[in-house]
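Numbering (the numbering used here), first residue to last: 190 to 628.
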């Protein structure tokens, strides 16, 4: 058996216990949401089965997050619910669709998420509070084949049911609508669903079919399932928006969080400009190391050529290096271990302890100032006050602030102010917790 794991993102469509009876080794997740595919727990060779996704409760998974997973070597399958619709939309890029609901989207019978959407409880087991239109379509199709309604009536029946807002399409409301126009169908539907509540539950059947497909893929010979992005015509889809999403969620991992450890280095390490310079050199060398210009020219000369300037000042001069930061301040990739190692190359074990201390001070302050309600990212100082504190920490005049924060890999003052906030209370409270060294 291959080593790949099966991740199933499911909510109201199918109970977790039923999925586990069919495939005990799967990892069950809540309905998919923004950020879920950035998790390090999903690895190349795994299969992600997307069934349900959050709509109103939280942000949904973006299309490029699906591509991100495929690009990491994850096979992504969509079925039964929002997963079926996304599979159709992204089929050209390598996402797989399966099941009758997917076929309904593929054939154009339905084209919107209202066909699969249901109102449901906010927490597990996410019990459905309404009936999905695709299941009602299945019921009407069966009714037609058994002579309860004419085939020519199907379109009108579905049109009436579809006109009802999905969250209001409860079993009682469905029966009310059917009785108004098709009383025999209403009686038949009520009887059949009373005998077996899941008799027309096409979404549930498709979910289980998708899990079975995933199981076959990961248990196949050789290496099992390996996803890939197809049809994307290069890597242009990897935008800064995607990287910022990835950095946000990856940065929250760890204790203390990775993003806070990096921020501490950028703000309090007096030598961090050197770390950032090496990061630029090494990542550029990695990405362009095979080019002839890297073999014959310096890093600064290569950048000057690409940027379109005649050249940078002498790299040995302190002012010379600062020109580099005026031109380039890329967004690192925190999901890349190589880049993280470079960014934290001067971090000490005591720094990690200090970051944790700062965060405790901030949590205590937030709890006292906000009472029982704590802001997720409280702003302690105003922008102007934060600029003054940064100048004090770095020992520079205000007119040197821009060049200083860029030399530390901070792209703009808004970011500098934001990443400073968690450390403000600690910095003010106990100066001995600042990392001050002689250059």
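Glycine residues also receive a C-beta, built at the ideal position from the N, C-alpha and C atoms.
Bear in mind the structure is a predicted one, so any value in this text is a computation, not a measurement.
In terms of Cα proximity to residue 365, the closest of 230, 587, 379 is 379. Excluding its 5 nearest sequence neighbours in each direction, residue 202 has C-beta neighbours in its own chain below 7 angstroms: 240, 241, 269, 270, 392, 393, 396, listed in chain order. Shortest Cα-Cα distance from residue 551 to any of 253, 300, 431, 614 involves 614. Fewer than three pairs of CB atoms, one per stretch, sit closer than 8 angstroms, so the segment 526-543 makes no contact with the segment 571-578. Secondary structure at residue 472: helix, using DSSP grouped into helix, strand and coil.
Per the C-alpha coordinates, the member of 308, 463, 281, 526 positioned closest to residue 436 is 526. Judged by DSSP in its simplified three-state form, residue 317 adopts strand. Here the segment 361-377 makes contact with the segment 328-341; the two share three or more CB pairs at distances below 8 angstroms. In the displayed model, residue 359 falls within coil according to three-state DSSP, outside both helix and strand. For the set 311, 458, 349, the Cα lying nearest the Cα of residue 322 is the one of 349. Ranked by how close their Cα comes to the Cα of residue 584, the residues 547, 315, 457 have 457 in first place. In this structure, the straight-line span from the alpha carbon of residue 544 to that of residue 219 is close to 32 angstroms. Nearest in C-alpha terms to residue 612, of all of 445, 252, 221, is 445. Taking all protein chains shown into account, residue 199 has 16 or more neighbouring C-beta atoms within 10 Å of its C-beta and is therefore buried. Rounded to the nearest angstrom, the Cβ distance from residue 221 to residue 194 is 16 angstroms, too far for a contact under 8 angstroms. Straight across, the Cα-Cα distance linking residue 304 with residue 318 is about 15 angstroms. Its Cα nearest to that of residue 430, the residue 520 stands out among 354, 471, 520, 404. Under the three-state reduction of DSSP, residue 193 is assigned to coil, being neither helix nor strand.
When the five nearest sequence neighbours on each side are left out, the beta carbons in the same chain lying within less than 6 angstroms of the beta carbon of residue 327 are those of 389, 391, in order along the chain.
Partner residues in the beta bridge of residue 264, as assigned by DSSP, are 236.
Residue 523 is not a Cβ neighbour of residue 468, given a cutoff of 8 angstroms.
By the beta-carbon neighbour count (other beta carbons within 10 angstroms, threshold 16), residue 425 is exposed.
Annotation: the segment 264-345 contains the following complete segments of the beta strand (DSSP E) (minimum length 3 residues), in chain order: 264-268, 285-287. In this structure, the alpha-carbon of residue 257 lies about 19 angstroms from that of residue 476.
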